[in-house]
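The structure appears right after this line, and notes come after that.
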Amino acid sequence: MILSIASGKGGTGKTTVSAALTSIWPRKRLAMDLDVEAPNLHLFLGPEISGRRKSMIEVPRIDLEKCTYCGQCAELCQFKAISVMGEVILTFPEMCHGCGGCFDICPAGAVLADERELGEIAWGKGDGFDFMMGRLRIGEAMSPPLMRDVKALGDEMIASDPADVIIDSPPGVSCPAVNAVMDSDVIFLVTEPTPFGVYDLKLAHQSFKPIGKPMGVVVNRAGLGDESLYDYCREQNLPILSEIPYRRDIAEAYSSGRLISDLSEDLRKQFIDLARQAIKMAGETAAPEVPHHA
Amino acid sequence: MHEILIISGKGGTGKTSITAAFAHIAGNHVICDLDVDAPDLHLLLKPEHSRVHEFISGNEAAINPDTCENCLDCVDRCRFDAIDENGRAPKVNPLKCEGCRVCVTFCPAGAIDYPEKNCGQWYLSESRFGPMVHAQLRPGEENSGKLVTLLRQKAKEKATELGLDRVLADGPPGIGCPVISALGGNDLAVIVTEPTPSGSHDLERVIGLCRHFRTPAGVIINKFDLNLDQTRRIELWCSENDLPVFARLPHDEAFTRAMVIGQVITEYQSDGLTKTIQQAWKNIINHLE
Numbered sequence: 058m059i060l061s062i063a064s065g066k067g068g069t070g071k072t073t074v075s076a077a078l079t080s081i082w083p084r085k086r087l088a089m090d091l092d093v094e095a096p097n098l099h100l101f102l103g104p105e106i107s108g109r110r111k112s113m114i115e116v117p118r119i120d121l122e123k124c125t126y127c128g129q130c131a132e133l134c135q136f137k138a139i140s141v142m143g144e145v146i147l148t149f150p151e152m153c154h155g156c157g158g159c160f161d162i163c164p165a166g167a168v169l170a171d172e173r174e175l176g177e178i179a180w181g182k183g184d185g186f187d188f189m190m191g192r193l194r195i196g197e198a199m200s201p202p203l204m205r206d207v208k209a210l211g212d213e214m215i216a217s218d219p220a221d222v223i224i225d226s227p228p229g230v231s232c233p234a235v236n237a238v239m240d241s242d243v244i245f246l247v248t249e250p251t252p253f254g255v256y257d258l259k260l261a262h263q264s265f266k267p268i269g270k271p272m273g274v275v276v277n278r279a280g281l282g283d284e285s286l287y288d289y290c291r292e293q294n295l296p297i298l299s300e301i302p303y304r305r306d307i308a309e310a311y312s313s314g315r316l317i318s319d320l321s322e323d324l325r326k327q328f329i330d331l332a333r334q335a336i337k338m339a340g341e342t343a344a345p346e347v348p349h350h351a
Numbered sequence: 150m151h152e153i154l155i156i157s158g159k160g161g162t163g164k165t166s167i168t169a170a171f172a173h174i175a176g177n178h179v180i181c182d183l184d185v186d187a188p189d190l191h192l193l194l195k196p197e198h199s200r201v202h203e204f205i206s207g208n209e210a211a212i213n214p215d216t217c218e219n220c221l222d223c224v225d226r227c228r229f230d231a232i233d234e235n236g237r238a239p240k241v242n243p244l245k246c247e248g249c250r251v252c253v254t255f256c257p258a259g260a261i262d263y264p265e266k267n268c269g270q271w272y273l274s275e276s277r278f279g280p281m282v283h284a285q286l287r288p289g290e291e292n293s294g295k296l297v298t299l300l301r302q303k304a305k306e307k308a309t310e311l312g313l314d315r316v317l318a319d320g321p322p323g324i325g326c327p328v329i330s331a332l333g334g335n336d337l338a339v340i341v342t343e344p345t346p347s348g349s350h351d352l353e354r355v356i357g358l359c360r361h362f363r364t365p366a367g368v369i370i371n372k373f374d375l376n377l378d379q380t381r382r383i384e385l386w387c388s389e390n391d392l393p394v395f396a397r398l399p400h401d402e403a404f405t406r407a408m409v410i411g412q413v414i415t416e417y418q419s420d421g422l423t424k425t426i427q428q429a430w431k432n433i434i435n436h437l438e
């Protein structure tokens, strides 16, 4: 199964929940950090990185010997990555989305394949889990193609060695967030019971509804804020799966990079229960044994 | 006129609460919410009398099943895996379609329409603390970068029209498309960070982005008392990198208590935090001048 940990608002605890779930997950799992703009899961899980590769996107380069300046490529391109003015042709590779239309449409065979670096993919292993992450190159605007590349590599990995996938998603509700959660079996929305948290939860809930997969809410910093989150979840029949209390010791543990499932037996049990609920929501049954506390 | 942008890399460090407080104490500005996919500033600033504009941007492919010959050329060509085989005629998945027009152009039956997309709305409003330019991207939509660029342009036009000194903008999280559109050309980027592994890691990335786009930057450390060692490490890193630290703010529930009753922290409290935030704003203005 694939479980995505998402949220509308940033900083509600996606990474905290992803790391804790990875640590206690009762089956074989791959933890995948798809928050490629601000990837932080490795800071809490501490995996040993065993491999890296660059992620590239195919962009056009023009063979000036062959180009007839007909302008069909520039006309097709919706992203202003090619411009033709008289007998001058310019490419703006950083604008290119990699649709490949210019290669197909050029009647002179003058569009050659070049590459732009989107970022890096790194993978490895931690204590009982496999790990994979994308890291967007600083200055690169487009995170979705890098996320697709990370997912494709993850798919290959689990095709040869099946495992559950736990995805730490980016915040927000636009294309990067939707890209991250799109192929999941279950979506967790992590929020906090504050006006900002609730407003953004509603947006995330609306965004992810068309995906048609079971969703549940994990309330972080429960006890802070007000009741409107609970009212919304009740109205929408959105189940509240778990509530992590608002406590200073939890915030401090996070600030020193600790897993909150290691803080107390109660918190650990809470995450074991949350993992069971995820597996159940995916229509599967958990293996009975649970790994021992490290 | 100065453009000041508040960003953070990591989400949830307190960008919006701090921007709202600056909006309250500063004046003489147009306020702008550039976090167009999850905007929250309006929850505190309560804009009214909005002029509403539709944000039409880009197009999306739509296959007409009556004229489609099911040759599947579009499925083969689509590099975004956005077209699925579907019995008699393939179907476009709007969540994946990037609107590149490749399938539309090459369809031998001319069976693919290409309607414009309404990606959301943007607003020109009067807020409690001055004119405000903000937006709401439709959930799941793209083109957030273009919307950010549009909002910045409208905010600058409004400031010029009213003879105001500044545009004060709350930015999106991350370092990707919308942040890049929000960042270039600002007079100052104020990075709100926190003393956690994620906060420092993302601070370094966002500072990297500021350098890349040659935007001057300074730092506010929020929730500094959660981890004093980490706070000192951030301060040391800032001084090694010639970055001013405008303020250290404590981890304080008062931000949330204020938010729950729809106030900004500087309205809710008159001492303590408010004094620190007033000093931070002075430091920012001095740094600009």
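Order-wise, the sequence lines are chains E and G.
For the first sequence, our numbering begins at 58 and goes up steadily by one.
For the second sequence, our numbering begins at 150 and goes up steadily by one.
Beta carbons are placed, not taken as given, at the ideal position from N, Cα and C, and that holds for glycine.
In the three-state reduction of the DSSP assignment, lysine 259/E falls in the helix class, which pools H, G and I.
At a cut-off of 8 Å between beta-carbon atoms, methionine 199/E makes contact with chain G. Annotation: the continuous alpha helix (DSSP H) that includes methionine 204/E extends over 201-217. The continuous stretches of beta strand (DSSP E) do not include alanine 304/G, which lies in the alpha helix (DSSP H) extending over residues 293-311. Proximity of chain G to leucine 100/E at the Cβ level (cut-off 8 Å) is accounted for by Pro346, Ser347, His350, in chain order. Under the Cβ distance rule, glutamate 292/E does not count among the residues neighbouring chain G, no pair being separated by less than 8 Å. Judged by DSSP secondary structure, arginine 226/G falls within the alpha helix (DSSP H) whose first and last residues are 222-226. The beta carbon of isoleucine 156/G does not come within 8 Å of any beta carbon belonging to chain E, so the residue lies off that interface.
Runs of the beta strand (DSSP E) lying entirely within the stretch 152-201 of chain E, each at least 3 residues long, are 168-183, 186-193 in chain order.
Spanning the alpha carbons of glutamate 438/G and valine 316/G requires a straight line of approximately 15 Å. When 8 Å is used as the limit between beta carbons, lysine 66/E is near these residues of chain G: Gly160, Gly161, Ala187, Asp189, in chain order. DSSP, read as helix, strand or coil, puts isoleucine 62/E in strand.
DSSP places glycine 108/E in the strand class (E or B) of the three-state scheme. Between the C-alpha atoms of aspartate 351/G and tyrosine 126/E there is a straight-line separation of about 44 Å. Inter-residue distance for threonine 298/G and valine 355/G is about 19 Å (C-alpha atoms, whole angstroms). Segment contact: the stretch 318-334 of chain G against the stretch 188-202 of chain E, three or more CB-CB distances shorter than 8 Å; contact assigned. Linking threonine 405/G to leucine 281/E through their CA atoms gives a straight-line distance of about 7 Å. Annotated as proximal: aspartate 230/G and lysine 245/G, with beta-carbon spacing under 8 Å. Rounded to the nearest whole angstrom, the CA to CA distance from aspartate 215/G to glutamate 265/G is 21 Å. Around the beta carbon of glutamine 327/E, a 10 Å sphere encloses 16 or more other beta carbons of the protein chains shown; the residue is thus reported as buried. The residue among Ile81/E, Ala63/E, Gly70/E, Ile59/E with its C-alpha nearest the C-alpha of asparagine 277/E is Gly70/E. For aspartate 189/G, DSSP assigns no beta-bridge partner whatsoever. The residue from Ser276/G, Asp319/G, Ile261/G with its alpha-carbon nearest to that of leucine 337/G is Asp319/G. DSSP places glycine 269/G inside the beta strand (DSSP E), whose first and last residues are 265-276. Taking 9 Å as the upper bound on Cβ-Cβ separation, chain E lies near residues Pro322, Gly323, Ile324, Gly325, Cys326, Pro327, Val328, Ile329, Ser330 of the stretch 322-342 of chain G. Pairwise C-beta distances place the stretch 183-194 of chain E in contact with the stretch 85-95 of chain E, as three or more of them are shorter than 8 Å. Of all C-beta pairs linking the stretch 94-107 of chain E to the stretch 222-239 of chain E, three or more are shorter than 8 Å, placing the two stretches in contact. Residue contact check for glutamate 309/E against chain G: a CB pair falls below 8 Å.
At a cut-off of 8 Å between beta-carbon atoms, proline 288/G makes contact with chain E. As the crow flies, the alpha-carbon of isoleucine 261/G is around 12 Å from that of glycine 248/G.
Boundaries cannot be given for glycine 236/G, as no beta strand (DSSP E) includes it and DSSP labels it neither H nor E.
In this structure, isoleucine 59/E places its C-beta atom within 8 Å of the C-beta atom of valine 222/E. In the structure shown, alanine 284/G falls within a strand segment according to DSSP collapsed to helix, strand and coil. The C-beta distance from leucine 296/G to cysteine 268/G rounds to 7 Å, short enough to fall under 8 Å. Proximity of glutamine 412/G to chain E, defined by a Cβ-Cβ separation below 8 Å, is not satisfied. Non-local C-beta neighbours of threonine 309/G in its own chain, meaning closer than 8 Å and more than five positions away in sequence, comprise Met150, ordered along the chain.
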